[in-house]
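J.: Shown below is the structure under consideration.
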Amino acid sequence: MDSPAAAATVGALVSLSSIPPELLVAVCVAALLLALVQTARLAFTRWLPRHRIAVARAAGADGELRAEPLLRAQGYAVVARQAPVSYEVAVDGEPFEIALRADFLLERDGRRYVAEVKTGRLAPRLETSATRRQLLEYRVAFDVDGVLLVDVDAGRVHSLEFPPHSPGGADEPRVGWLLWLALGGALGLGASAVEGRLHPPHAGDIRGGSDVDGGP
């Protein structure tokens with residue numbers, strides 16, 4: 003007597019044999035196409051970031067080539083291209099070194115500048131926070147007299163001046179007030195000394211009550 007498992011296997015074979023071959027081929031082709039599409043999607047997902055980076059690097063290199071004549075025309079001499087620098091910050095008391103590169107290190111009239119080249123519509127604008135922070139970091143990291151933002155597409159070189167750093171912060175006005183107070187006190191003492199030399203007191207004033215006879 004046939005077992006239930008054998009009967010089920012025979013039933014499945016009969017069911018498959020009843021399916022038209024064209025339908026089986028279509029199902030296999032659809033499954034293969036789905037696998038190919040999924041593989042292509044994964045490959046594209048991995049390729050796209052690398053492609054964007056490559057395009058950005060190519061655009062940056064082209065922008066630097068176009069920026070150099072623009073800078074020279076405005077009197078800047080190129081000291082270094084892709085100028086490296088490193089600076090150190092303390093993280094929880096431990097030193098942490100940061101390395102970065104700027105597009106150009108320049109010189110004009112005895113002053114040194116660090117320059118960043120930007121292309122496109124948004125990158126050259128100071129409203130773009132990433133650009134603004136990058137330039138501020140350059141100002142901190144490089145020992146230069148100024149920072150330049152080069153808008154290659156517009157053919158313009160912008161000179162940026164950041165506000166000076168105030169280590170004292172809110173204590174500076176108080177310190178200045180104390181200095182003025184000390185200076186005023188010193189001037190007052192000096193004036194009193196000069197007045198004493200010009201107008202010495204009388205002898206009687208000096209003796210005070212010492213001339214009073216204390217006897218009976």
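Going by the working numbering, the first residue of the sequence shown is number 3, and it counts up by one from there. Ideal Cβ positions, reconstructed from N, Cα and C, are used throughout, including at glycine. Keep in mind the model is a prediction, meaning the values are calculated, not measured.
What does the Cβ neighbour count give for THR121, buried or exposed, with the cut at 16 atoms within 10 Å?
T.: buried
J.: If you draw a straight line from the C-alpha of ALA172 to the C-alpha of SER161, how long is it?
T.: The pLDDT assigned to ALA172 is 49, lower than 50, so where the model puts this residue is not dependable, and the model offers no usable value.
J.: How many whole angstroms separate the CB atoms of ALA69 and VAL149, which I take to be in contact at a CB cut-off of 8 angstroms?
T.: So it is not a contact: roughly 15 angstroms between Cβ atoms.
J.: If you follow the alpha helix (DSSP H) that ALA132 is part of, which residue opens it and which one closes it?
T.: Counting along the chain, the alpha helix (DSSP H) containing ALA132 begins and ends at 131–143.
J.: Hey, could you find the ends of the beta strand (DSSP E) SER88 is sitting in?
T.: 79–93
J.: Smallest Cα separation from LEU2: which of VAL81, LEU34, ARG158, LEU26?
T.: The displayed coordinates of the chain run from 3 to 218. Any statement about residue 2 would go beyond what the structure contains.
J.: Taking the continuous beta strand (DSSP E) assigned at ILE100, which residues delimit it?
T.: 96–110
J.: Where ASP153 and TYR140 are concerned, what is the direct C-alpha to C-alpha distance, given to the nearest angstrom?
T.: 17 angstroms
J.: Could you round the C-beta distance between VAL87 and PHE46 to whole angstroms and report it? I think they count as a contact, below 8 angstroms.
T.: Contact doesn't hold; Cβ gap of about 37 angstroms is too wide.
J.: Excluding five sequence neighbours on each side, which residues of the same chain lie with their C-beta closer than 8 angstroms to the C-beta of GLN84?
T.: ARG103, ALA104, ASP105
J.: Along the chain, where does the beta strand (DSSP E) containing ARG113 start, and where does it finish?
T.: 113–120
J.: Using only the alpha-carbon positions, how far apart do ARG127 and THR133 sit?
T.: 7 angstroms
J.: Less than 8 angstroms between the CB atoms is what I'm expecting for VAL146 and TYR115, so what's the real figure, rounded?
T.: 6 angstroms
J.: From GLU96 to GLU66, what distance separates their C-alpha atoms?
T.: 36 angstroms
J.: Rounding to the nearest angstrom, what Cα-Cα distance links ALA125 and ALA42 in this structure?
T.: 32 angstroms
J.: On a CA-only basis, which of ASP94, GLN40, ALA156 is nearest LEU72? Give me that one, please.
T.: With distances taken between CA atoms, LEU72 lies nearest to ALA156 out of ASP94, GLN40, ALA156.
J.: Report, in whole angstroms, the separation of the C-beta atoms of LEU137 and LEU151, which I expect to be a contact under 8 angstroms.
T.: 6 angstroms
J.: Whole angstroms are fine: how far does the CA of VAL31 sit from the CA of ILE21?
T.: 16 angstroms
J.: According to DSSP, what are the bridge partners of ARG158?
T.: ASP153
J.: How would you label VAL93, buried or exposed, when you count the other beta carbons within 10 angstroms and need 16 or more for buried?
T.: exposed
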